Amino acid sequence: MDYSVYNSKYQFMSDILKTLHFTMDTFIYNLAHHSPYEMLLYRWINKLYTKGISSEEAIQLIYKARNILLLNPKNSWCSPPILS
0 MDYSVYNSKY QFMSDILKTL HFTMDTFIYN LAHHSPYEML LYRWINKLYT KGISSEEAIQ
60 LIYKARNILL LNPKNSWCSP PILS
């Protein structure tokens, strides 16, 4: 991979993680240990970078996606378990 491409991708990821209040080392550590949330964020960040989305747009899209994923009562990670 070309150095300039690697550098721009790193900067893109860094900008997003700073906005989401992550430090790069903590994020990478959790990613290496297969933390579901960090793995999901990493996939989203890679997809948005590949599509050429700006970091500002990517942050807004990630905020929207997180809200849908976490706050949607039907499929939410935060919804209480259904008890029979």
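In numbering that gives the first Met the number 0, the protein residues as written are 0 to 83. All C-beta atoms in this analysis are idealised placements derived from N, C-alpha and C, irrespective of residue type, glycine included. Source: prediction; values computed, not measured.
| Item | Value |
| --- | --- |
| Leucine 16 to leucine 40 span [Cα, whole Å] | 9 Å |
| C-beta contact flag for serine 13 and methionine 23 at 9 Å | yes |
| Rounded C-alpha distance that separates histidine 20 from phenylalanine 26 | 10 Å |
| Bounding residues of the alpha helix (DSSP H) (the contiguous stretch that carries threonine 25) | 23-31 |
| Backbone secondary structure at leucine 68 - three-state DSSP | helix |
| Neighbourhood of leucine 30 by C-beta, 6 Å cutoff - its chain only, sequence neighbours within 5 removed | Glu37, Tyr41 |
| Same chain, Cβ closer than 6 Å to isoleucine 67, five either side skipped, listed in chain order | none |
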